[in-house]
Amino acid sequence: MVYAIDLLFLVVLGAYSSIFTASHEFTNILGANSSLSSFPTNFLFGTASSSYQFEGAYLTHGKGLSNWDTFSHKPGNIADGSNGDIAVDHYHMYLEDLELMEYIGVNTFRFSISWARILPIRGGGNQSRAQSMKATVERR
């Protein structure tokens, strides 16, 4: 049951520790003269991701198959044959992605974690991957 507690901690920690502090100008988004100070202090500039569309890293570090992995690899299901095996490779580029989000002034980030990474096989958990994700979230 320790695994379930770790997973719950990871989810809760992810929900609350995804707030960044940023003081960069919003020259690309809101105009040359706009900054965070133009908004209320509690205003949240946020972004979100979906694990399959964002992570990539197909079957990396013990990841199991998700429904979308299975569906997208079956010939004829996707018109151009594409899949999310690489996506935008957030799995490997997450630190750079977080730095870029902070740079443009994002101060909240909602992300999903694929169950295929946490529970890659029926009845068994990927404890090392859960610990890795927990450490990643704690860094921010």
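Numbered per mature numbering (1 follows the signal peptide of the UniProt record, and there is no 0), the sequence shown spans residues -17 to -1, 1 to 123. Every residue, glycine too, gets a C-beta built ideally from N, C-alpha and C.
Residue i and residue j: beta carbons closer than 7 Å?
i: residue 109; j: residue 39; result: no
i: residue 113; j: residue 104; result: no
i: residue 72; j: residue 41; result: no
i: residue 99; j: residue 49; result: yes
i: residue 37; j: residue 70; result: yes
i: residue 51; j: residue 77; result: no
Per DSSP, residue i forms a beta bridge with which residues?
i: residue 107; result: 104
i: residue 29; result: 91
Considering only residues of the same chain and omitting the five flanking positions on each side of residue i, which have a CB-CB separation below 7 Å?
i: residue 27; result: 90, 91
i: residue 33; result: 95
i: residue 54; result: 60
i: residue 30; result: 84, 89, 92
Ignore the nearest five residues each way along the sequence and tell me which others in residue i's own chain have a CB closer than 8 Å to its CB.
i: residue 62; result: none
i: residue 56; result: 66
i: residue 75; result: 39, 40
i: residue 43; result: 74
Excluding the 5 residues flanking residue i on each side, which residues of the same chain have their C-beta closer than 6 Å to its C-beta?
i: residue 80; result: 73
Classify residue i as buried or exposed, calling it buried when 16 or more other Cβ atoms lie within 10 Å of its own Cβ.
i: residue 88; result: buried
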